[in-house]
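Chemist:
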Amino acid sequence: MAGHSKWANIKHRKARQDAKRGNAWSKCSKAIIVAAKNGGGDPEMNLTLRYAIEEAKAANMPKDTIAKAIKKGTGELEGESYEEATYEGYGPNGVAVFVECLTDNRSRTAPDVRHIFSKHGGNLGTDGSVAFVFDSKGLITIKKDAADEEKIMEVALEAGADDVTDEGDCWQVLTAPGDFHAVKTAIDAAGLATEVAELTMIANNTVACAGADAQKVFNLIEALEECDDVQKVHTNADIPEEELNALAGG
0 MAGHSKWANI KHRKARQDAK RGNAWSKCSK AIIVAAKNGG GDPEMNLTLR YAIEEAKAAN
60 MPKDTIAKAI KKGTGELEGE SYEEATYEGY GPNGVAVFVE CLTDNRSRTA PDVRHIFSKH
120 GGNLGTDGSV AFVFDSKGLI TIKKDAADEE KIMEVALEAG ADDVTDEGDC WQVLTAPGDF
180 HAVKTAIDAA GLATEVAELT MIANNTVACA GADAQKVFNL IEALEECDDV QKVHTNADIP
240 EEELNALAGG
C-alpha cells in the first residue's frame, strides 16, 4: 500500500489546476448533490456529505457553491439527478483499474468508459473483475516539515489510524473508512498541515510500470479522469515517483 500518496498528491495538484476551469468543482458538486440526496443536508449527521464537502474545500470550491450543491441534493433548489456507477478493467501491462462515476445517463457513461479503455490499450471487465485488488481506506498525507515522525505517530495512531509511513516528501496516514474523520480531526487539531485527505481505494498488490508502459497507463488514467461522468480512478500501477512527476508535467 505504500506509495499511494504519489498518485494522490499529483491528483490533488491537478485538481487545483482544474479548478480554474471548473472541472474539479463540477465533480465535487455532483458528489455533494448525491450525498445530500441520499443522507440529508446536515454534514454532522451525514458522514458521506461531510467527506464530500472536505474534498470540495480541498479543491478551493467556494462556500456558496458548496451550499448551493447541498440544496440541490435536498431538493430546496432544482438540480440534476445523478446515480452511482462503477466500472472495472485492466489497463496496459495488466494493471487493475477501478473507476467511480456519478451519471445522469448510464447509457452514455458505459460506452464512453469502454471507449477510453479500448483507445488506450485496456479492456473493460465485468463487475468484480478487479475490485478484490483494492481496499477502502482513508488517506491523509502530511507535509514532511510539519512535524517529526514521533509527533505524527502519536497524534494519528492515538486517534485510530491503521498505519503511518514515510513516503519521502510526506508522511502517509492510512485509516479504516469509519475512523477517517476522527483521525483527520485530531491531525487538524494538532496544527499539522495536510496535503491530501480523502476516502479512496488502496491496492493490496501493485504492478511495476516504467518507460512506455508507464506512459500508456498514465494516458489511460488521465483520459478517464477527464471524462465528465468519472469521479475517481484507482489503479495498482506502481510508477517510480520521478517518472510519475515527469509524466504529470511536474
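If you use numbering that gives the first Met the number 0, the sequence shown corresponds to residues 0 to 249, in order.
Yeah, the Cβ is synthetic: ideal placement off N, Cα and C, and Gly gets one too.
Quick caveat: nothing in here was measured; it's all calculated off a predicted structure.
With which residues is F179 paired in a DSSP beta bridge?
Modeler: Answer is none; F179 lacks a bridge partner.
Chemist: So, is N45 buried or exposed, given that buried needs 16 or more other C-beta atoms within 10 angstroms?
Modeler: N45 comes out buried.
Chemist: Are the CB atoms of A196 and A57 within a distance shorter than 8 angstroms?
Modeler: It is a contact, given that the beta carbons lie within the stated cut-off.
Chemist: Which class does M200 belong to by DSSP, given the choice of helix, strand or coil?
Modeler: Note: M200 maps to strand in three-state DSSP.
Chemist: Expressed to the nearest angstrom, what Euclidean distance is found between the alpha-carbon atoms of E250 and A181?
Modeler: Because the chain in this structure spans residues 0 to 249, residue 250 falls outside the shown range and cannot be described.
Chemist: Assuming E194 and C169 are in contact, meaning their beta carbons sit under 8 angstroms apart, how far apart are those beta carbons, in whole angstroms?
Modeler: That pair is a contact at about 6 angstroms.
Chemist: Any idea what DSSP makes of T125, helix, strand or coil?
Modeler: Looking at T125 - three-state DSSP - the assignment turns out to be coil, as it is neither helix nor strand.
Chemist: By a C-beta neighbour count over all protein chains shown, 10 Å radius and 16 as the cutoff for buried, is D259 buried or exposed?
Modeler: Absent from the structure is residue 259, since the part of the chain shown begins at 0 and ends at 249.
Chemist: Terminal residues of the continuous alpha helix (DSSP H) containing C27?
Modeler: Run containing C27: 22-38, per the alpha helix (DSSP H) assignment.
Chemist: On the DSSP bridge assignment, give the partners of Y86 in chain order.
Modeler: V98, per the DSSP bridge assignment.
Chemist: Measure how close the beta-carbons of K231 and P176 come, nearest whole angstrom, since I'm counting them as under 8 angstroms.
Modeler: No, K231 and P176 are not in contact; Cβ-Cβ is about 14 angstroms, not under 8 angstroms.
Chemist: Tell me the DSSP bridge mates of L138?
Modeler: The partner list for L138 (beta bridge, DSSP) reads L173, E197.
Chemist: In angstroms with no decimal places, state the Cα-to-Cα distance between T140 and D111.
Modeler: Answer to the nearest angstrom: the Cα atoms are 32 angstroms apart.
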